[in-house]
Every structure is written in structure tokens, then in C-alpha cells.
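Asks: Residue numbers (our numbering): 463 to 661. Take this structure first; my questions come after.
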């Protein structure tokens, strides 16, 4: 049954294409006024996406400024700033635990050892806890380095894609939208999508 439907669809498309091919070529030609009206709107700049990506690579957020999407600039710098801050914080914490472990191995008092008035030293973290803490913060630092690189690349790609889409022709002749209608026979609601093209 499926093969019959597919064969019928192919045959109908073939006849439609054959009928279109038989049309008078003069009716498909555009006149001079239509061509100039279309080309006079905004000229297509093929290098615009490459420029936006290049500017975004030189300085994060510059591609968004080139595309005149000023509202995206705080998002770019917020994401980059947060990830770079996380790299710095985790690096500092890892270094604290590493330094404390080295001090403890050398027999000196580290910052995680508390000494009371009687001179009794109490270790807040054990040697294993210091090693685990150092390793954990180092892994987080490495992860946030990757996140920072990802945010940097993502803002370049976003500037490039936005520059492509800003030149996309969006007019009212082609519409795509949801369609909801009531089936009176089956008493059900039918949902679908409609594509309309005005000639």
C-alpha cells in the first residue's frame, strides 16, 4: 500500500514538472522594473558573515557589534567573564591546597592547621584530603578552561550565523504556520502545519 502511494506521488510530481516545462517561456521572464526593485532593497554582501566571524575572533563581542546586536554584548561578556573567573578561582584554590601539602611535608605549619594557645596543632584537613582537594580544584579549573574556549568559539559562530540570517529574505509572500481545525465527522481536533506562497 505504501509503495502504491509513493508511486502515485512520483507520477503526479512528474506530470506537474512536465506541465510546467510546457509553459510559455515568455510568461516566466521578469520585466526590468521587477528586477531593479528586488536588487535595490539591500545588496547582498557575501563577505559579511566572514567579517563578523573575524571581528568576533579578534575581540569577543565585536562580531555582535558588527551585526548591530548590541543586546548580546552583555551576554557574551557575562559568559566569558564568569567562566574566566571560575578558572581563576579554581586555580587559586588548587594552589592553596598544593602549597599546604608541601608545607606539611616539610614539617611546617600550613594554613589548614590550627594552633591553640597551648601550642597544640590540629589539622583541619588530612594529607589525603589536601591531595583530593588539590586534584578536585585542578579538574574544575581544566573544565572551566574548556568552557571558556567553548564560549569564545560559540560567540564567533553566533556572529557568523547571525550575519548570514540577517541577509535572508523574509517577506510576506512565504508563510509557515500552525493549522488547527475541527474534524466534524470524527469530532476530533486536527493539528498540522501550513506553507503558503503568494505569487
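Even for Gly, the Cβ is constructed at its ideal location relative to N, Cα and C.
Report the residue ranges of all beta strand (DSSP E) runs contained in full by the stretch 571-645; include only those spanning at least 3 residues, in chain order.
Replies: You should have 575-577, 583-585, 636-645.
Asks: Do you know offhand how far residue 531's Cα is from residue 547's?
Replies: Counted from its first residue, the chain shown places residue 531 at position 69. Counted from its first residue, the chain shown places residue 547 at position 85. Distance between the alpha carbons of residue 531 and residue 547: 25 angstroms.
Asks: Mind checking whether residue 568 and residue 576 have CB atoms under 9 angstroms apart?
Replies: Taking the first residue of the chain shown as 1, we reach residue 568 at position 106. Taking the first residue of the chain shown as 1, we reach residue 576 at position 114. Cβ distance not < 9 angstroms, so residue 568 and residue 576 don't count as in contact.
Asks: At what residues does the alpha helix (DSSP H) containing residue 562 begin and finish?
Replies: Start at 1 with the first residue of the chain shown, and residue 562 comes out as number 100. It spans 535-567 - the alpha helix (DSSP H) in which residue 562 sits, taken as one unbroken run.
Asks: Per DSSP, what kind of secondary structure is residue 529 in: helix, strand or coil?
Replies: As a position in the chain shown, residue 529 is number 67, starting the count at 1. Residue state, collapsed to three classes: coil.
Asks: Where does residue 654 sit, in a helix, a strand or coil, going by DSSP?
Replies: In the chain shown, the residue the question calls residue 654 occupies position 192. DSSP places residue 654 in strand when its eight states are reduced to three.
Asks: Straight-line CA distance for residue 591 to residue 606?
Replies: As a first step, residue 591 is located in the chain shown; it is residue number 129 there, counting from the start. As a first step, residue 606 is located in the chain shown; it is residue number 144 there, counting from the start. Looking at the two C-alpha atoms, the distance is approximately 22 angstroms.
Asks: With DSSP run on the structure shown, which of helix, strand or coil describes residue 517?
Replies: Residue mapping note: residue 517 aligns to position 55 of the chain shown, counting from 1. Residue 517: helix per DSSP, three-state reduction.
Asks: How many angstroms separate the CA atom of residue 655 from the CA atom of residue 644?
Replies: In the chain shown, the residue the question calls residue 655 occupies position 193. In the chain shown, the residue the question calls residue 644 occupies position 182. Spanning the two alpha carbons is a distance of roughly 14 angstroms.
Asks: State the Cα-Cα distance for the pair residue 526 and residue 472, rounded to the nearest angstrom.
Replies: The sequence position of residue 526 within the chain shown is 64, counting from 1. The sequence position of residue 472 within the chain shown is 10, counting from 1. Their Cα atoms are separated by approximately 46 angstroms.
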